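Chains Y and Z, in that order, give the protein sequences. Take the first sequence: its letter number 54 is residue 54 in this note's numbering, and every next letter is one higher. Take the second sequence: its letter number 71 is residue 1071 in this note's numbering, and every next letter is one higher.
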Amino acid sequence: GENVEQHPSTLSVQEGDSAVIKCTYSDSASNYFPWYKQELGKRPQLIIDIRSNVGEKKDQRIAVTLNKTAKHFSLHITETQPEDSAVYFCALRGGGKLIFGQGTELSVKP
Amino acid sequence: GAVVSQHPSRVICKSGTSVKIECRSLDFQATTMFWYRQFPKQSLMLMATSNEGSKATYEQGVEKDKFLINHASLTLSTLTVTSAHPEDSSFYICSARAPGTTYEQYFGPGTRLTVT
């Protein structure tokens, strides 16, 4: 089945720096790529998503880029803040369901 | 809008007993709901897709006789963990597909199950 590889598994940055998380996939038919933020013990929250007909999408400090040819998509967080600390999951829609990456634990140090 | 609730938020049960978890879409009708399991420091793993009025579709490796799913109405899906064992202890999260779209899903707050 479809697989999503997410890197890095942990990421530590200084407040104000940028953070980048990357996911790669194999199924070229995938057409929806959301990113979720999950705080400990809470539900995943959609922070941004992109569809296959778009190469980049931005929402304030968060941006996602998609390279369908290379089959990878990335989350970019600029001007990171301590409250950005959480686990981030990429996902894609394959076979009518969401398939999640392994997650990245982001720590933003003040 | 598009709020999904789960009940209970936490449950502790003894080994060998069954426990039921409810997932409700509060302000929309959800023909499709999804059940995930998440172990500590791991990703969300889809267990099954629940369709209103029909049998659930289980992912490979998920025992359908152990994890009973019932989607009896457009706003309620239930997951029953039967004959629970300590290894079933996990965070169970449901989600519902947003109305009018085939993409976005809204997640419930999750249920922490501890089997002693």
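Note that the Cβ used here is the ideal one computed from N, Cα and C, for glycine as well. All figures in this text were calculated on a predicted structure; none of them were measured in a lab.
1. Name the chain Y residues whose beta carbon is nearer than 7 Å to that of Z:Tyr1103?
2. Going by the beta-carbon positions, is the gap between Z:Ser1018 and Z:His1085 smaller than 7 Å?
3. For a test of the three-state rule: what should DSSP assign to Y:Glu5, helix, strand or coil?
4. Quick one: grab the DSSP three-state call for Z:Asp1065.
5. Could one say the Cβ of Z:Leu1046 lies closer than 7 Å to chain Y's Cβ atoms, at least one of them?
6. Going by beta-carbon coordinates alone, are Z:Pro1109 and Y:Arg43 separated by less than 7 Å?
7. Measure the beta-carbon distance from Z:Ala1072 to Z:Ala1030 and round it to whole angstroms, keeping in mind my assumption that it falls under 8 Å.
8. Please report the distance separating the alpha-carbon of Y:Ala91 from that of Z:Thr1116.
9. Assuming Y:Glu83 contacts Y:Arg61 (C-beta within less than 8 Å), just tell me the rounded distance between them.
10. Y:Pro8 versus chain Z: which residues are under 9 Å apart at the beta carbon?
11. Please compile the residues from chain Z whose C-beta is within a distance smaller than 8 Å of the C-beta of Y:Lys97.
12. Please classify Y:Pro44: does DSSP put it in a helix, a strand, or coil?
13. Quick one: give me the first and last residue of the beta strand (DSSP E) that Y:Ala29 is part of.
14. For the ligand MG, any of its heavy atoms closer than 6 Å to the Cβ of Z:Ser1050?
15. Roughly how many angstroms separate the alpha carbons of Y:Ser18 and Y:Gly41, rounded to a whole number?
16. Is the stretch 92 to 105 of chain Y touching the stretch 22 to 40 of chain Y, taking contact as three or more C-beta pairs under 8 Å?
Quick answer:
1. Against the second sequence, residue 1103 of chain Z aligns to sequence position 103. Correct list: Tyr32, Arg93.
2. Locating residue 1018 of chain Z in the second sequence gives position 18, where the first residue counts as 1. Locating residue 1085 of chain Z in the second sequence gives position 85, where the first residue counts as 1. At the C-beta level, Z:Ser1018 and Z:His1085 stay beyond 7 Å of one another.
3. Position 5 of the first sequence holds residue 5 of chain Y. Of the three classes helix, strand and coil, the one that applies to Y:Glu5 here is strand, per DSSP.
4. Here the question's residue 1065 of chain Z lines up with position 65 in the second sequence. DSSP places Z:Asp1065 in coil when its eight states are reduced to three.
5. Position 46 of the second sequence, counting from 1, holds the residue named residue 1046 of chain Z. It does; some Cβ of chain Y falls within 7 Å.
6. Here residue 1109 of chain Z corresponds to residue number 109 of the second sequence, with the count starting at 1. Here residue 43 of chain Y corresponds to residue number 43 of the first sequence, with the count starting at 1. Taking 7 Å as the cut-off, the Cβ atoms of Z:Pro1109 and Y:Arg43 count as close.
7. Looking up residue 1072 of chain Z in the second sequence gives position 72. Looking up residue 1030 of chain Z in the second sequence gives position 30. Not a contact, Cβ separation roughly 12 Å.
8. Here residue 91 of chain Y corresponds to residue number 91 of the first sequence, with the count starting at 1. Here residue 1116 of chain Z corresponds to residue number 116 of the second sequence, with the count starting at 1. Taking the straight line joining both Cα atoms gives about 33 Å.
9. Sequence index remark: in the first sequence, residue 83 of chain Y carries index 83 (1-based). Sequence index remark: in the first sequence, residue 61 of chain Y carries index 61 (1-based). About 11 Å separates the two Cβ atoms, so there is no contact after all.
10. For the purposes of this step, residue 8 of chain Y is taken as the residue at position 8 of the first sequence. Residues of chain Z passing the Cβ test: none, with the nearest at roughly 14 Å.
11. In the first sequence, residue 97 of chain Y corresponds to position 97, counting from 1. The answer, in chain order, is Phe1034, Leu1046, Thr1049.
12. Here the question's residue 44 of chain Y lines up with position 44 in the first sequence. In the structure shown, Y:Pro44 sits in coil (DSSP, three-state: anything other than H, G, I, E or B).
13. In the first sequence, residue 29 of chain Y corresponds to position 29, counting from 1. First-last for Y:Ala29: undefined, no H or E at that position.
14. Ligands displayed in this structure: none; no statement on the ligand MG is therefore possible.
15. Within the first sequence, residue 18 of chain Y is the residue found at index 18, counting from 1. Within the first sequence, residue 41 of chain Y is the residue found at index 41, counting from 1. About 25 Å.
16. yes
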